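Visitor:
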Amino acid sequence: MKLLMGMIAAVALMLTSQAFAAGKVDMAAGQALAQKSGCMGCHKVDGKLVGPGLKDVAAKYKGNKKAEEMLVAKVTKGGSGVWGAIPMPPNAAVKPADMKTLVQWVLAQ
Ligand code: HEC
32 MKLLMGMIAA VALMLTSQAF AAGKVDMAAG QALAQKSGCM GCHKVDGKLV GPGLKDVAAK
92 YKGNKKAEEM LVAKVTKGGS GVWGAIPMPP NAAVKPADMK TLVQWVLAQ
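For the working numbering, add 31 to where a residue sits in the sequence shown, where the first one is 1.
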């Protein structure tokens with residue numbers, strides 16, 4: 032029984048590390064985090080709300096390898112001027128690891 036549990040754990044671990052290696056984003060986790068972190072009060076996936084639609088953000092930075100790092104910093108500190116005059120307030124309460132997941136989720140739209 033113990034061996035079986037160990038094997039299951041090992042397989043689960045392999046599968047998760049494979050998902051990360053392939054650069055796959057956990058879309059359900061991203062969505063849940065975005066709701067929990069208050070992002071969806073200002074953003075929709077499709078179309079503009081207070082902030083830009085997340086599909087538009089993903090399209091703008093498609094192929095930009097530096098986008099993830101840049102956006103993690105921007106969303107944490109807030110800022111304006113890229114999409115219009117309305118500023119995004121800082122989202123400093125979001126943990127850095129969660130912010131990375133969030134930005135990866137946005138860029139995967
Ligand atoms: C109070 C409203 C508000 C909240 C809450 C908010 N945003 Fe924004 N967001 C904006 C606005 C407005 C912009 C456009 C800023 C600009 O033009 O530079 C923006 C821009 C962005 C961008 C694009 C930045 C760029 O430079 O292209 C990303 C990515 C983003 N938001 C993600 C998030 C995430 C993730 C959260 C949750 C942690 C979040 N936002 C919460 C209003 C908000």
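C-beta: ideal position from N, C-alpha, C; glycine also.
Remember, predicted model here, so these are calculated numbers, not experimental data.
Across which residues does DSSP place Met-119 in a beta bridge pair?
Guide: Checking the DSSP bridge columns, you'll see Met-119 partnered with Gly-110.
Visitor: State the start and end residues of the unbroken alpha helix (DSSP H) segment that holds Pro-67.
Guide: Here the sequence assigns Lys to residue 67, which means Pro is not the residue at that position. That run of the alpha helix (DSSP H) goes 58-67.
Visitor: If you run the structure through DSSP and keep just helix, strand and coil, what is Pro-127?
Guide: helix
Visitor: DSSP three-state call for Cys-73: helix, strand or coil?
Guide: coil
Visitor: Below 8 Å on the Cβ atoms is my contact criterion, and I expect Met-71 with Ala-65 to pass it. Report the Cβ-Cβ distance as a whole number of Å.
Guide: Between Met-71 and Ala-65, the beta carbon gap of about 5 Å places them in contact (Cβ cut-off 8 Å).
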